[in-house]
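First up is the structure itself, then whatever we jot down about it.
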Amino acid sequence: MKAKLILKDRIVYEGGYIQEMVIWEVPQPVAGSQHLYKYRLFFGLPDQRIVGYDNERPKGDHRHYGEREEAYPFVTIQQLVGDFLADVEEQRRQYYAEQP
């Protein structure tokens, strides 16, 4: 089986903020992960990641939130996308609250 693209979505928000999700189903787990998905979810500016979820090797599943990086307990694709979108919404809420 070759890698199969499951989701590819990109939104550009006001102020140049980018939200991008790319998820692949792969034939073997990525080193450090226990499931058959390779993913990269990003929210930020072109030169600044604000929120990110990925499972690059050999780190496995993890989340970037500002300057913090922590393990992410992957359960399902639906949960992954939901958690990411909740984090993005929180960051966007903070952004708009800071605007005059």
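Quick note: the sequence shown uses the numbering used here, first residue 51, plus one each step.
Built from N, CA and C at the ideal position, the CB exists for glycine as well.
In this text, all values refer to a predicted model and were calculated from it rather than measured experimentally.
Any C-beta of chain C under 8 angstroms from that of residue i
i: G132; result: Chain labels in this structure do not include chain C; a single protein chain is all it has.
Buried or exposed by the 16-neighbour rule on C-beta atoms within 10 Å, applied to residue i
i: Q78; result: exposed
i: L95; result: exposed
i: L130; result: buried
i: F80; result: Going by the sequence as given, residue 80 is Val instead of Phe. Buried, because 16 or more other Cβ atoms sit within 10 Å of the Cβ of V80.
i: K88; result: buried
i: V138; result: buried
i: L103; result: Just to set this straight, residue 103 is Tyr in the shown sequence, not Leu. So Y103 counts as buried.
Closest residue to residue i among the options (Cα-Cα distance)
i: Q98; options: L86, A81, G116, H85; result: G116
i: I73; options: A136, D137, E64, H85; result: H85
i: E119; options: A53, I100, M51; result: I100
i: Q141; options: H114, L130, V125; result: H114
i: I68; options: F92, G82, V76, E148; result: F92
i: I61; options: L55, V76, L135; result: L135
i: K58; options: R107, E64, G66, E70; result: E70
For residue i, the first and last residue of its enclosing beta strand (DSSP E)
i: K109; result: No beta strand (DSSP E) holds K109; DSSP gives it neither H nor E.
Residues bridged to residue i (per DSSP)
i: K58; result: V72
i: E119; result: H114
i: V101; result: F93, Y115
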